[in-house]
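Residue numbers (the working numbering): 175 to 414. Glycine included, every Cβ here is placed at the ideal spot set by N, Cα and C. The structure displayed is predicted, hence computed values, not measured ones. Notes to accompany the following structure.
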């Protein structure tokens, strides 16, 4: 992974972000759908799925305990959500669980750089910390299921990418693609076609306003009542 951490490569506005995309990614060899993006609110955070960040920890001193927690949580979600999802496919259920906050071995990416930028700047509690935007040129195909396994907990390859059917409005709105890890405790970093850019803390609020003006809001990315209420709260507290 290359970290472009010089002041001239810092993302301090949407205009600057588009300039960086044009300079580094949108070349004659650019293939839409091959580039994926991820925004993180803290530049120090690693590219690691949420369940992997629990290890090592007070409750998980071995990977076996972590795996048992992960399986138990997923099985409970699968059983209790069936009346609403009516879905038996493990990969689809895992993707929906991820988008609703369950700790899983999936890492969210998006095909939209601006959506990734929104997730890097949206959390006001982290406006005092520099954020990060990651860009990855995938040489892999995107699958309904992992190519090498029918069990998301028994992946043969180091990782795979899943592009799931649009069964959740959030997945569609966020142009989401999932990275499935064989070992969720390992960081994703050792790839030449993976870039990282710093977003200065001082620029986050203004970037979020610019994105709102372009229609990238909680309401559009979370097209449900949760997203609507977040948008109303933000607008009333910041614009009135």
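Considering only residues of the stretch 330-402, which uninterrupted alpha helix (DSSP H) runs meet the minimum length of 4 residues and lie entirely inside it, listed in chain order? 343-347, 378-387 and 392-395
Roughly how many angstroms separate the alpha carbons of residue 215 and residue 294, rounded to a whole number? 4 Å
Classify residue 415 as buried or exposed, calling it buried when 16 or more other Cβ atoms lie within 10 Å of its own Cβ. Only positions 175 to 414 of the chain appear in the structure, and residue 415 is not among them; the question remains open.
Helix, strand or coil at residue 213 according to DSSP, with G and I counted as helix: Three-state DSSP puts residue 213 in a strand.
Given a threshold of 16 other Cβ atoms within 10 Å of its Cβ, counted over all protein chains shown, does residue 221 qualify as buried or as exposed? buried
Over the uninterrupted beta strand (DSSP E) stretch that includes residue 176, give me the two end residues. 176-178
Beta-bridge partners of residue 278, as assigned by DSSP: In the DSSP output, where bridge partners are listed per residue, residue 278 has none listed.
What does the alpha-carbon distance come out to for the pair residue 342 and residue 180? 39 Å
Rounded separation between residue 262 and residue 301 - CA only: C-alpha separation (whole angstroms): 40 Å.
Report the start-end ranges of each alpha helix (DSSP H) in the stretch 240-276 that is 4 residues or longer and not cut off at the edges. With a minimum length of 4 residues, the continuous alpha helix (DSSP H) runs that stay inside the stretch 240-276 are 264-273.
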